[in-house]
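See structure below.
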Amino acid sequence: PLVLGIETSCDETGVGIVRGTTLLADAVASSVEEHGRYGGVVPEIASRAHLEAMVPTVQRALDQAGVKASDLDGIAVTAGPGLAGALLVGVSAAKAYAYALGKPLYGVNHLASHICVDQLEHGRLPEPTMALLVSGGHSSLLLTEDITSSVRSLGATIDDAAGEAFDKVARLLNLGFPGGPVIDRYAREGDPKAIAFPRGLSGAKDPAYDFSFSGLKTAVSRWVEAKRRAGEEVPVRDVSASFQEAVVDVLTRKAIRACKDEGVDHLMIGGGVAANSRLRALAQERCDRAGVTLRVPRPKLCTDNGAMVAALGSEMVRRDRAPSAFDLSADSSLPVTDTHVPADHDQLH
Ligand code: ATP
Ligand code: MG
Ligand code: FE
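So the mapping is simple: the working numbering equals the position in the sequence shown, first residue as 1, plus 28.
What follows is the structure in structure tokens.
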């Protein structure tokens, strides 16, 4: 199926077009620079930027793909989770295109899209696949039987998301926003063993598949403050490398344990943090040792984009899932287990 996908859950206006599992276009307009000076995404600025970018970005995707809107088999859009106002721009645009073109509309889950995007890189997801979803707002282990209908949460962060931890640590090191890519870069020149930062929820009695990153963030903050108070220079590269190692050590260890416990031999890592070079390398090393096959999309497909939404939409069409109704609304807290919003769906929870 030929599907166009629209993503507006945060600060990226993404429009992607896929045919089956083939990526034809991936157009992204980002308002990230407008948020930079506020140290985080400002919802009103994001919504306005989506509104301005929407039509040109759709046009750019259609041009890139070299297809006519009338040839599409469906329009998919992120229905949630995300910023309410930002989501609403995408949902409204998707409805307008679907209605005007007479195509089915699919309101899909942003998090399931972060997983499904891997189909564009490595072909159909094996069933089941263990998914480690690590992004700016989420960190979860998801046992995925069918990405269009069956995603079960085994565990999740009990406080900060992994990406949030990267952003907060970057902020306290004065490295700017978003923090993930910068810390990734500095860490390459630092020593991951320089400072022994804590591994959250890693005790024998701790929940096996839950994560916690706020204690780590506090530990980094205390360590940095102590240096500053002593008038010493903060070794940004070593702090970055040691902090990053603490995050990816726990993520990969728990993900592989989940694969073993559940008898699943494919691990997928998705979401913005999956772009992290050390996470990718350590996951590969540990998967090789455990006999687990690792799938991680290329970095550009890990962060928010429209292609991931189109990928899930295309899978919805292929599997004959019920389209959404035209009264589809954005749901800022859509649970990860709701892979899409079918017409009969009760959106109140
Ligand atoms: P969610 O998907 O939970 O709704 P989001 O869409 O805002 O949140 P993503 O776009 O998936 O999040 O990911 C953004 C996050 O990924 C940010 O926190 C950013 O710092 C982090 N990130 C991006 N690149 C890297 C990297 N190379 N290393 C670590 N983190 C990274
Ligand atoms: Mg973003
Ligand atoms: Fe995301």
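Glycine included, C-beta positions come from ideal geometry on N, C-alpha and C.
- Short of 7 Å from the beta carbon of VAL117, and not among the five residues preceding or following it, lie these beta carbons of its own chain, in chain order: THR36, SER75, HIS78, LEU79 and MET82.
- In the DSSP assignment, PHE205 is bridged to no other residue.
- With at least 16 other beta carbons inside 10 angstroms of its own, PHE205 counts as buried.
- Take SER270, set aside five residues on each side of it, and the residues of its chain with a beta-carbon closer than 8 Å to its own are GLY218, ASP219, PRO220, LYS221, ALA222, ILE223, ALA224 and PHE225, in chain order.
- Within a 10 Å sphere around the beta-carbon of PRO156 sit 16 or more other beta-carbons, which makes this residue buried.
- When C-beta atoms of the region 278 to 292 are compared with those of the region 161 to 179, three or more pairs fall below 8 Å, so the two segments count as touching.
- Its chain contains SER167, GLY183, ALA184, THR185, ILE186, ALA190, GLY228, LEU229, VAL278, LEU279 and LYS282 as the residues whose beta carbon lies nearer than 8 Å to that of PHE239, once the 5 sequence neighbours on both sides are disregarded; these appear in chain order.
- A residue is listed when its beta-carbon falls short of 5 Å from at least one non-hydrogen atom of the ligand FE; in chain order these are SER163 and ASP332.
- Within the DSSP secondary-structure output, VAL105 pairs in a beta bridge with ILE34 and GLY135.
- Cβ atoms of LEU295 and VAL119 stay farther apart than 8 Å, at about 32 Å.
- ASP146: member of the alpha helix (DSSP H) spanning 146 to 150, first to last residue.
- At least 8 Å separates the beta-carbon of GLY94 from that of GLY334.
- The nearest non-hydrogen atom of the ligand ATP is 7 Å or more from the C-beta of PHE241.
- The beta carbon of SER305 sits closer than 6 Å to the beta carbons of ASP212 from its chain, once the five residues preceding and following it are set aside; these are given in chain order.
- Here DSSP, grouped into helix, strand and coil, assigns THR85 to helix.
- Between PRO109 and the set ARG250, LEU362 and ASP372, the nearest pair of CA atoms involves LEU362.
- In the structure shown, the three-state DSSP call for ASP99 is helix.
- The bridge partners DSSP lists for GLU343 come to none.
- In this structure ARG323 is buried. Its beta-carbon is surrounded by 16 or more other beta-carbon atoms within 10 angstroms.
- Per DSSP, reduced to three states, the secondary structure at ARG180 is strand.
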